[in-house]
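Asks: Have a look at this one.
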Amino acid sequence: MSTPVLSVDRVYAGYAQSTVLFDLSIEIEAGECIGLLGRNGVGKTTTIRSVIGLTPPRAGSISWKGADITRLPAHRIARSGIGLVPEDRRVFADLTVFENLDVGARAAKDGRSAWTMERIFDLFPQLAALRDRKGGYLSGGEQQMLTIGRTLMGNPQLLLLDEPSEGLAPIVVENLHQQILRLKREGLTILLAEQNLEFVLDLSDRVYILEKGRTVFHGTPAYVRSDQTLRDRYLSI
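Residue numbers for the sequence shown follow the UniProt record's numbering, so the first one is 1 and each next one is one higher.
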């Protein structure tokens, strides 16, 4: 492997008196889509929150493009090129689709083509027809597209996706799969936390499986598909 753009090194993190992550290490190279798999409560969301600075590590370190971001506040991490699509979407209910997207706008810093309204509407054609509708009147799938679009308007170099398919209808999940695949093909680096096994395996270059806040497997989607014992032990519900 070449030098990773994101390195999570032996991180411990949690909430109040509870520790959720134990000695967790993850590496991502530029342009990769990395999947985080595991049952509910194993630490996937906490890993995402630690990277973006919402749940700072208690021990260990996180580096981004060679710089230590372990103790940086979330807004500075976001400005450095990391974008979060949270599990609960957090659409601004009283703002229109256009206004929600405009809130997220930030200039690109890495020489890549900047995300514009036109590019977002090309990626998510459904949003173009809804540009004047308020966020609170959108369906769950439309809100998810809007949240991803708003994050992309910040021109991130690393996209953190926390359970993007949760609660969505199968046809919406399939559309979302194709849209994330397009982002991957365009070279965006992605960290994808999901319980939907096939969704993750289809999109990821490599996967990490978490159990009780620890990494118990790191390897290829093909290996996960081939090892029924591994899936039964760590991924079956």
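Beta carbons: idealized from backbone N, C-alpha and C, even for Gly. Fair warning: this is a prediction, and the values are worked out from it, not measured in the lab.
Identify the residues that DSSP records as bridge partners of residue 243: which are they?
Replies: Look at the range of the chain in this structure, 1 to 237, and you will see that residue 243 is not part of it.
Asks: Cα separation between D68 and S61?
Replies: The straight-line gap from Cα to Cα measures roughly 7 Å.
Asks: Report the three-state DSSP secondary structure of I77 (helix, strand or coil).
Replies: Residue state, collapsed to three classes: helix.
Asks: Helix, strand or coil, according to DSSP, for D42 in the structure here?
Replies: Per the sequence shown, the amino acid found at residue 42 is Val instead of Asp. The answer is coil: DSSP assigns V42 none of H, G, I, E or B.
Asks: Quick one: Cα of D205 to Cα of L36, how far?
Replies: Going by the C-alpha atoms only, they are around 11 Å apart.
Asks: Less than 8 Å between the beta carbons of Y208 and I26, yes or no?
Replies: Taking 8 Å as the Cβ cut-off, Y208 and I26 qualify as a contacting pair.
Asks: Between the Cα of A105 and the Cα atoms of L95, T116, D132, Q157, which residue gives the shortest distance?
Replies: Considering only alpha carbons, the answer is T116.
Asks: In whole angstroms, what is the alpha-carbon distance linking E32 and L84?
Replies: Between E32 and L84, the C-alpha separation is close to 16 Å.
Asks: By the 10 Å Cβ neighbour count, where 16 or more other Cβ atoms means buried, how is G135 classified, buried or exposed?
Replies: Buried, by the Cβ-count rule.
Asks: When DSSP labels each residue in this structure, what does R214 get in the three-state scheme?
Replies: R214: strand per DSSP, three-state reduction.
Asks: For D9, I'd like the list of residues in its chain whose CB is within less than 6 Å of its CB, leaving aside the five on either flank, ordered along the chain.
Replies: Result list for D9: S25, G60, S61, in chain order.
Asks: If you draw a straight line from the alpha carbon of S7 to that of R49, how long is it in whole angstroms?
Replies: Between S7 and R49, the C-alpha separation is close to 14 Å.
Asks: In or out: N40 buried (at least 16 other Cβ within 10 Å) or exposed?
Replies: Exposed, because fewer than 16 other Cβ atoms sit within 10 Å of the Cβ of N40.
Asks: When we look at the beta-carbon of R182 and count the other beta-carbons within 10 Å, is it buried (16 or more) or exposed?
Replies: Under this definition R182 is an exposed residue.
Asks: Compare the C-alpha of D162 against each of W64, E142, Y15, E87 and name the closest.
Replies: It is E87.
Asks: Considering just the uninterrupted stretch of the beta strand (DSSP E) at F92, what are its terminal residues?
Replies: Per DSSP, F92 belongs to no beta strand (DSSP E) and is neither H nor E.
Asks: For A169, which of E142, N155, K184 has the nearest alpha-carbon?
Replies: For the residues E142, N155, K184, the minimum Cα distance to A169 belongs to E142.
Asks: Could you tell me how far apart the beta carbons of residue 246 and G38 are, in whole angstroms, since I believe they sit closer than 8 Å?
Replies: Nothing in the structure corresponds to residue 246, since the chain is present only between 1 and 237.
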